[in-house]
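Presented below is the structure to which this report refers.
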Amino acid sequence: MHGLHHAIVTFAGHHALLACVLAGVLASTETLPVLGALVPGTATIVAIAALVPSGAIPFLPLAFSAAVGAMVGDSLSYAIGRRYGRALLTSWPLRRHPALIAKAEEGVAKHGGKTLLVSRFTPGVRAIVPPLAGALGMPTSRFVPIIVAAGLIWAFAHVGLGLAIGAGLELLGAVAGRLALFVLVAGLLVWLTARLALALARRLPPLIARAAGFLLAGLARGDSPFARRLARVLASPPRTVTALVLMALLLAGGAWLVGAALDILHAQVSGNVTALRNALAVLHTKWSDPVLRALAATGNRWLLGAVALAVLAGLARHRRLPTLWVAGLLGAVLLDASTGGAPAALEATLYGMLAYAMVLDLRPPRGRLGAVPVALVIVLAAFARVVLGLSMLAEEGAGLAFALAWVGLSGVADILRHHDGEEAATPGKASHAAAAVLVALGVVLQSAGVALVVPPAPRDAGPPRVLGFAVWREGAWATMPATQAPLLGSGQNPLVLQWAGSDAALARQLGRAGWQRPVAWTPRTALGWLLPQADPAALPVLPHLYRGEPDQMVLIHAATAPGRRLVLRLWLSRTEVAGPAGRYALLVGTLSEERLLRIYGMLTMARSRHATPAELDTLARAFPATAWVTASEQPPVGPARTQRVLLAWPPAAGAPP
2 MHGLHHAIVT
12 FAGHHALLAC
22 VLAGVLASTE
32 TLPVLGALVP
42 GTATIVAIAA
52 LVPSGAIPFL
62 PLAFSAAVGA
72 MVGDSLSYAI
82 GRRYGRALLT
92 SWPLRRHPAL
102 IAKAEEGVAK
112 HGGKTLLVSR
122 FTPGVRAIVP
132 PLAGALGMPT
142 SRFVPIIVAA
152 GLIWAFAHVG
162 LGLAIGAGLE
172 LLGAVAGRLA
182 LFVLVAGLLV
192 WLTARLALAL
202 ARRLPPLIAR
212 AAGFLLAGLA
222 RGDSPFARRL
232 ARVLASPPRT
242 VTALVLMALL
252 LAGGAWLVGA
262 ALDILHAQVS
272 GNVTALRNAL
282 AVLHTKWSDP
292 VLRALAATGN
302 RWLLGAVALA
312 VLAGLARHRR
322 LPTLWVAGLL
332 GAVLLDASTG
342 GAPAALEATL
352 YGMLAYAMVL
362 DLRPPRGRLG
372 AVPVALVIVL
382 AAFARVVLGL
392 SMLAEEGAGL
402 AFALAWVGLS
412 GVADILRHHD
422 GEEAATPGKA
432 SHAAAAVLVA
442 LGVVLQSAGV
452 ALVVPPAPRD
462 AGPPRVLGFA
472 VWREGAWATM
482 PATQAPLLGS
492 GQNPLVLQWA
502 GSDAALARQL
512 GRAGWQRPVA
522 WTPRTALGWL
532 LPQADPAALP
542 VLPHLYRGEP
552 DQMVLIHAAT
562 APGRRLVLRL
572 WLSRTEVAGP
582 AGRYALLVGT
592 LSEERLLRIY
602 GMLTMARSRH
612 ATPAELDTLA
622 RAFPATAWVT
632 ASEQPPVGPA
642 RTQRVLLAWP
652 PAAGAPP
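Taking my numbering, the leading residue of the sequence shown gets 2, the next gets one more, and so forth.
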């Protein structure tokens, strides 16, 4: 068996794609009765995953292949159990282990899903519990979600373990204690959060009902029809009062978010919009674009119109055509037309209406579970449109907020009208099914090549601006941006360096002064941040974005004080400088000092600050040809400020012809 295991790992190191397929096959056979006990699946998958840090095998394909294999194996075992029943458990060789079968049967009968989840991580038992669940008649609707979750957790845990082993046994031993502590703390936090959530779910509704009754009792006093209806609602069971309060909060929160999103939309800064668009451009690949277009297809106007007709037909068939929903759809169309034309509000409102109706039609807990995929479609479709450039983030935010407010308003109206048990105005299950079929058909058509969604053609930024060397030195340098705004976080990083030369020349020039490229991000170097006394030169550098684009070059230099380093980040600009020696892309850069902090002797963190004038002078001395200039900037708030900018170039670049 050891020889077979070694041969499999050696083969995997030379055939990455087949290794991923092999991991899926091994994961599936481990759960099959009898055969699972003979296959070294878990150990082999961990050993194959140890090859990930070397780059021989990709992490995500390996993990997902193992997860799918685990799900397929559990499903086959479950189907075998459903087919043969208890006769399978009393046949050879399972009948030789009656105690193990009795224990597994007791666990499935008593705990059901928990036993399935735990058995996925228990050798031997994992080959018995799935067929036993099938033999005992566990419903498929309950079995499938559990094995999907168990397969994903199991696969990523084992592949992650192999990755950590491959990252270096010596380093893993150095951080093992801290990793164990972090896992313990994280597990404790997850356990406390789960306990708190369960406690709130059990005790919060009665508290909300009592508080709502106290606050709304004054409104209920009176002879108006609304006051009498509200008084009857407050006399309803606590679940009804809680639902009314939650819908009212959804209405208030959605209305506030609509105003905030519209303010952001009308105050859009072109630079920030461009930076966000460029940052999301990294998600455009030949693999991701078809998926994004398929998600965005759920917002096709013809598809939304067909879904709306199906829902309204269901409402009419139930003789309840609530004008409130019709008004909401019309309001969503008007909002979309005023914010840019993307169907953000219409899609979110229509699908939000379906989700709310599904909760009422199917009743809890199936209604709540059924509404989750609808909510995911709304969010994922909005994300896809933003990435594809079909809409802006603020437009999608305004649409989602409008949908939340309208669902809340409709919920309040429904509860006030139907709190006494009268059937609420919902389209019915047939309309839900018709809407789901239409949406699925749209996604399939888009995936098959029917252009339901056509993303805009990429806008060409045009050729780069070209400046003469003398023109750049004598004042055109001031037309370059003065600061780099982080996409996340606050503050502005001053761009203190402009380099008119090649990347290679810059690396050679600064290399003579002790500057070097930082180590690359790998699992091994990332674990270095968990060492309490890590060497600054052995730690990778976090990337920064400039106008949504990553660093073109990063260099570090050991500072005079221990535990500190200077970090120089440079980005390409849309400007080129032409001199006697040729034309070079102009690089702009920031200089900062990172101070490594030792957190309770457990791990290392970095605190960054802007470079001091002395550190800037140290950088200037590394260049033979430089010029100091002063840049002025008038921020939107506060007085004007100045900063020193270092213009640098290779000696040959500025030489006279």
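In this text, a Cβ means the ideal position worked out from N, Cα and C, and glycines have one as well.
- Per DSSP, reduced to three states, the secondary structure at T591 is strand.
- For the set G70, V149, A256 and A64, the Cα lying nearest the Cα of L162 is the one of A64.
- Following the DSSP letters along the chain, one finds H558 inside the beta strand (DSSP E) bounded by residues M554 to A559.
- Listed in chain order, the beta strand (DSSP E) runs fully inside the stretch 301-344 amount to none, counting runs of at least 3 residues.
- The Cβ atoms of A253 and V413 do not sit closer than 8 Å to each other.
- DSSP places A471 inside the alpha helix (DSSP H), whose first and last residues are F470 to R474.
- Per DSSP, the beta-bridge partners of M606 are L598.
- Cβ-Cβ distances below 8 Å link A307 to L439 in the same chain, with the five nearest sequence neighbours on each side left out; the list follows chain order.
- The alpha-carbon separation between G342 and S448 amounts to approximately 24 Å.
- In the DSSP annotation of this structure, R565 is not part of any alpha helix (DSSP H); the continuous beta strand (DSSP E) holding it starts and ends at R565 to G580.
- Distance from the Cα of L446 is smallest, within the candidate group L117, T241, A298 and K430, for A298.
- The alpha carbon of R608 has as its nearest neighbour, out of A615, R596 and R121, the alpha carbon of R596.
- The shortest C-alpha to C-alpha distance from V555 to any of R565, G515 and V542 is the one to V542.
- Rounded to whole angstroms, L546 and S29 show a C-alpha spacing of 42 Å.
- According to the DSSP assignment, L137 belongs to no alpha helix (DSSP H), since it is labelled neither H nor E.
- Counting along the chain, the unbroken alpha helix (DSSP H) around A24 starts and ends at A17 to T30.
- With fewer than 16 other beta carbons inside 10 angstroms of its own, W522 counts as exposed.
- For A501, there is no enclosing alpha helix (DSSP H); the enclosing beta strand (DSSP E) has its first and last residue at L498 to A501.
- In this structure the stretch 472-484 does not touch the stretch 322-339; the number of beta carbon pairs closer than 8 Å is below three.
- The C-alpha of S574 is placed about 7 Å away from the C-alpha of A586.
- Only buried fits A262, as 16 or more other CB atoms lie within 10 angstroms of its CB.
- The shortest CA-to-CA distance from F157 to any of V47, Y85 and G138 is the one to V47.
- Burial is judged here by how many other beta carbons sit within 10 angstroms of a residue's own beta carbon; Q517 has fewer than 16 and is exposed.
- The three-state reading of DSSP puts A626 in coil, since its state is none of H, G, I, E or B.
- When the five nearest sequence neighbours on each side are left out, the beta carbons in the same chain lying within less than 8 Å of the beta carbon of E577 are those of P465, R466, V467, L468, R584, Y585, A586 and L587, in order along the chain.
- One Cα belongs to A562, the other to L617, and the distance between them is close to 16 Å.
- Counting the other Cβ atoms within 10 Å of the Cβ of R143 gives fewer than 16, which makes it exposed.
- For L394, the three-state secondary structure derived from DSSP is helix.
- Residue A356 holds the alpha-carbon nearest to the alpha-carbon of A372 among F384, L133, A356 and A256.
- If you compare the alpha carbons of G152, R294 and R610 with that of V455, the shortest gap goes to R294.
- For M481, there is no enclosing alpha helix (DSSP H), as DSSP gives it neither H nor E.
- Separation of G315 and P344 (C-alpha to C-alpha, rounded to the nearest whole angstrom) is 23 Å.
- Across the set R386, V327 and N301, the C-alpha of V327 shows the shortest separation from the C-alpha of V312.
- Contact between I129 and D75 fails: their C-beta atoms lie close to 12 Å from each other, not under 8 Å.
- Here the alpha carbons of G152 and Q485 stand approximately 43 Å from one another.
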